[in-house]
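A.B. asks:
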Amino acid sequence: MHPSEQPAARKKLTPVMRQYEEAKALHPDAILFFRMGDFYEMFNDDAVLVARSLNLTLTSRNKGEPDEVPMAGVPHHAAHGYIARLLALGHKVAICEQCGDPSKIKGLVPRQVVRVVTPGLVTDSEQLDARANHYLAAVDGGGVPRGDGGAAGGPYGLSLLDLSTGELSATSIPDAATLLAELARADPREALIARDLPDVRAAATSLACRAALRDDDDLDSAQIASILDDAALEPISAAALEEHPLPAVRAAARALRFARRCSPGARIPVRRIAPHDTSGTLRIDETAQSHLELARAADGGRRGTLLDVIDCTVTPGGARLLRRRLLTPLAEVAAIRRRLDEVELFVSHPRARGELREALGGVGDLERLSVRALLGEATPRDLGCLRDGLTAAPAAIAAVRSIPDLGSAAERGTDGAAERGRAGAAERPTAERGKERAAARGGGPAEDRRRAAAGSSAEPLLAEAAALDVVADVRAELAAALVERPPPNAREGGIFREGYDKELDEARAVEKNATELILALEAKLRSQTGAPSLRVKYTRVFGWYIEVTRAHIAKVPDTFRRKQTVATGERYTSDELDELADKIEHAGARALERETALFERLRAAVAKSEGRLRALARKLAAWDVAAALADVAHRNDYVRPHVTSGEAIAIRDGRHPVVERFAAAGHFVPNDTRLDLSGERLWLITGPNMAGKSTLMRQVALIVVLAQMGSYVPAREAEIGLVDRILSRVGASDNVARGESTFMVEMRETAEILRDATRRSLVILDEIGRGTSTYDGLAIAWAVAEHLFDAIGCRALFATHYHELTELSARSPGIANYSVAAREHGDDVIFLHKLEAGPASRSYGVAVARLAGVPEGVLARARAILATLESGAALPGGKHASLRGRTRAGAAQLDLFAPAQAAVPPEQTAVIETLRSVDVDRLAPLDALKLVVKLKGLLGSGAGDTR
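With our numbering applied, the sequence shown covers 743 to 1689.
(1) What residue range does the alpha helix (DSSP H) around Y762 cover?
(2) Which first and last residues belong to the beta strand (DSSP E) in which C1536 is found?
(3) Helix, strand or coil, according to DSSP, for K848 in the structure here?
(4) Just to confirm, is the Cβ distance from K1361 to V1562 under 7 Å?
(5) Report the start-end ranges of each beta strand (DSSP E) in the segment 1442-1475 that is 3 residues or longer and not cut off at the edges.
(6) Classify N1559 as helix, strand or coil using the three-state DSSP reduction.
(7) Could you give the first and the last residue of the continuous beta strand (DSSP E) run that contains R857?
(8) Buried or exposed, going by whether 16 or more other CB atoms sit within 10 Å of the CB of K805?
(9) Distance, Cα to Cα, T1415 vs A1392?
(10) Between which two residues does the alpha helix (DSSP H) carrying M1486 extend?
(11) Quick check on I1237: buried or exposed, where buried means 16 or more other Cβ atoms within 10 Å of its Cβ?
(12) At what residue ranges does the segment 956-1023 contain a whole run of the alpha helix (DSSP H), taking only runs of 4 or more?
(13) Would you say R1045 lies against chain C (beta-carbon separation less than 7 Å)?
(14) Please list, in chain order, all residues of the same chain as R803 whose beta carbon is under 6 Å from its beta carbon, the five residues on each side excluded.
(15) Judging by CA-CA distance, which residue of A1525, E1491, S1613 and R1592 is the nearest neighbour of D1027?
(16) Are the CB atoms of E932 and T860 nearer to each other than 7 Å?
(17) Should G883 be labelled buried (16 or more other beta-carbon atoms within 10 Å of its own) or exposed?
(18) Shortest alpha-carbon distance to G862 belongs to which of D904, G823 and I825?
(19) Alpha carbons only, please: which of L850, F1540, A953 and C1536 is nearest the one belonging to A1523?
(20) Sort out for me which residues DSSP pairs W1286 with in a bridge.
(21) Assuming V1075 contacts V1385 (C-beta within less than 8 Å), just tell me the rounded distance between them.
(22) Helix or strand or just coil, what does DSSP make of Y824?
(23) Could you check where the alpha helix (DSSP H) with Q1270 kicks off and where it finishes?
(24) From the DSSP output, read off the bridge partner residues of P812.
(25) Answer with buried or exposed for D1211, where buried requires no fewer than 16 other C-beta atoms within 10 angstroms of its C-beta.
(26) Which word fits S1021, buried or exposed, when buried means at least 16 other C-beta atoms lie within 10 angstroms of its C-beta?
(27) Which term fits S1351, buried or exposed, when burial requires 16 or more other beta carbons within 10 angstroms of its beta carbon?
(28) For the beta strand (DSSP E) that Q1306 lies in, which residues bound it at each end?
(29) Going by DSSP in three states, R1080 sits in which element: helix, strand or coil?
(30) Any contact of the segment 778-785 with the segment 815-826, i.e. 3+ C-beta pairs under 8 Å?
(31) Express the C-alpha separation of G1595 and A1521 in angstroms, rounding to a whole number.
(32) Does R1175 pass the burial test, meaning 16 or more other C-beta atoms within 10 Å, or should it be called exposed?
(33) With H, G and I counted as helix, E and B as strand and the rest as coil, what does DSSP make of F1088?
(34) Give the range of the beta strand (DSSP E) segment to which F776 is assigned.
(35) F1284: buried (16+ other C-beta within 10 angstroms of its C-beta) or exposed?
(36) Among A1037, D929, G908 and A1390, which residue has its Cα nearest to the Cα of L1048?
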């Protein structure tokens, strides 16, 4: 039982433990870090939990006594690391500090909880990923009465708060599926879910995001306005209720209420609720994000993701913006083209791009630094980084201003337009590139006019650069105040430049020149008294004193006060010496106290300009993203996509951006793709494993994502008819924790696709139906393909090894067969990775097994069984095989209506066929022995055991 629940034990609590219990009672769901001297101590259940979680030594207070209390502690200077580990495990930590200097307080030092740190409310740079947002999510039921199960349906409110940047966005979502997709996309570290939504919480536990889920208390609608106005920096309730639907406002109020409770007495750095309109974005659910590996690879890391390939931003704010744009591509043509115009501008002007990126490299994280200053958490080093960033900002603006006005590009005609089209193909003549585009897209002059008009994108950019506030006054103040390299903590001192503050300079001078000051006083006193033996000395016991030998005692003035008689003379003190001694003794403390006061004042001055600093940071981040994407386009030979409201996705020489990066130079084989709602909209793709079917499908989806986020794409030409959703079913995996087999996961994902897909969606399906029997799998795959084509009518890529599906192309010209080419060379297969019209002739499964290193004896047996099945011979049980692979002549793999075949030859035929299939040159001695045993077993199974 907890000590607070034991009345008898409570009477025996010491004053300190009574303080602890009172603080713990205010935060029962948090681990209490209780400051005691140089340590944070934890007691009772908290101590047991922390000791187990962090591998700390568990001790006890009053050990061996009836009131023994478990105890664990960590040094206060190392607490950040321990807190970060607890947050990663999903815990809340309440920090209870000493309110005052123990050396100056008699009796019990007062203590109080100054802050509650949770996984979603982190501002410490050591615990944050500089290149990703750190969200607290809040989910509200929209004020709709719910039943016992909380499953009344939408609308739902969703808000995302990043305390480290002061961003708060909110939206209303119509259904639970979309809500979960948005949660997965945001990847919050903590999610507050209204207590009346248990079904939503249960569903959220299955998401792959790292959020710590918490039930949130009921929210009274009458309190919404007061919560918003009291928690934010300025009243925002009126604007929020006018601009956002009620569910969104309620969710935002939940997030702010929680943040305010965790930071009592502090305002949350939020000035408005930004819209988070999901209807204007390309929707990519959690499954598609995982399959496409947009920002997180299969191993949970970043390497091998699309973000890893395209992120060459040089500022943390730019990296965060790029990540958000990648995970929330746009679905509005005009907005996409505006982003592409900015990228094209930097593609066209490599010198300005290089200068801008060089300048931005010194900007740092202005956004988070300004918020830390506002929260009173900025350190001297943070202010130094802020000063350096503001110093670099004018150079970035100058780089943008150096771009000439491209409004006259229309007058330069085709050559000028084509010059900006392909980022990395400067080696080909400009006119030739222009002709290629015109031929590929048709209507060359219209395209040239569009590209010429894009030159006017310089005008808004230049206008922004001209009007941008570089916060010069704050920069000047920081530059005048701070030393070149400020210390990491204010308590270390040495923050300010010499000459910045007269009082500080005097205290430093006393501390630095103590010896000189004592010697000067000694000389002065010696001159005044005429006692040449007078000395000013120091001991730990008596401090500073004046020593005069007996021969000159008569010369001592009355202003001297005797302190001690010694064998050689007398020791004295004086008001002047006492005053100087006091200055010397407390010079360091006075300097530090003055520096602390000056630092608090300087940090407060920076906090007043937080809004201006964040506005500057946002604009520099947008420039960083545009310049970074332009640099990626230039280095990787990407092209500007032509995004339209049309119905076609036409890609010429498309490449997979991630696979291409890790492939040897020039070894990636590009392919063409054209999906058109008024033409071929369903492609059935066949071919062997490892030939590149999955790579092809993924690359089409990734090119669409890149285009709609406003980036150049890896292709020679690309026309992207707007896509509203990307849905995928790729790969094989199970979910043991939820009791789902591989086939169940496959079917669940397929069901979600068939439920959510619209005519404007892009669907990629790989190997539907392979987790069950051949007939069941083929039937399911066939029905899914028909539903995609007939009922939904979307653009889809469907890879399969069921060659019977290729017969669907006979139904309609909108269904087309394509295959990834492979060639046989003896028993080997050579993958050409080139897409060809028409179905594949074989699947080459045995050849791929050989490449994987399957033993030759097993391969030989597999070839023999394959030949038996293809010939329709009798199976061991006496039944006839109707499963026949596609022959070189193109016969169907599955003949569902084939008549029974003639009886199989004797069992020895299997042995003969196996021997014929053996590659003797690859047969190791041990494999040969195993093969003999297997052949003997085959003979024994039909003719009795010969052993």
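All C-beta atoms, glycine included, are put in the ideal place defined by N, C-alpha and C.
In this text the structure is predicted, and so the values were computed from the model without any measurement.
C.D. replies: Looking at the coordinates:
(1) P757 to L768
(2) Counting along the chain, C1536 falls outside any beta strand (DSSP E), and DSSP gives it neither H nor E.
(3) coil
(4) no
(5) Those beta strand (DSSP E) runs which fall completely within the segment 1442-1475 and span 3+ residues are 1459-1463 and 1467-1471.
(6) Strand at N1559.
(7) R853 to V859
(8) exposed
(9) 6 Å
(10) T1484 to D1498
(11) buried
(12) 966-973, 979-985 and 988-1004
(13) In summary, chain C is missing from the structure at hand, where a single protein chain is found.
(14) V811 and M813
(15) E1491
(16) yes
(17) buried
(18) D904
(19) F1540
(20) Y1280
(21) 6 Å
(22) If DSSP states are grouped into helix, strand and coil, Y824 belongs with the helices.
(23) In the DSSP assignment, Q1270 falls within the unbroken alpha helix (DSSP H) covering A1256 to T1271.
(24) S802
(25) exposed
(26) exposed
(27) buried
(28) Residue range R1303 to V1308 is occupied by the beta strand (DSSP E) that includes Q1306.
(29) R1080 carries a helical assignment under DSSP once its states are collapsed to helix, strand and coil.
(30) yes
(31) 32 Å
(32) The predicted model places R1175 with a pLDDT of 41, which falls under 50 and marks its position as unreliable, so this point remains unresolved.
(33) helix
(34) I773 to M778
(35) F1284 sits exposed, since fewer than 16 C-beta atoms from the chains shown fall within 10 Å of its C-beta.
(36) A1037
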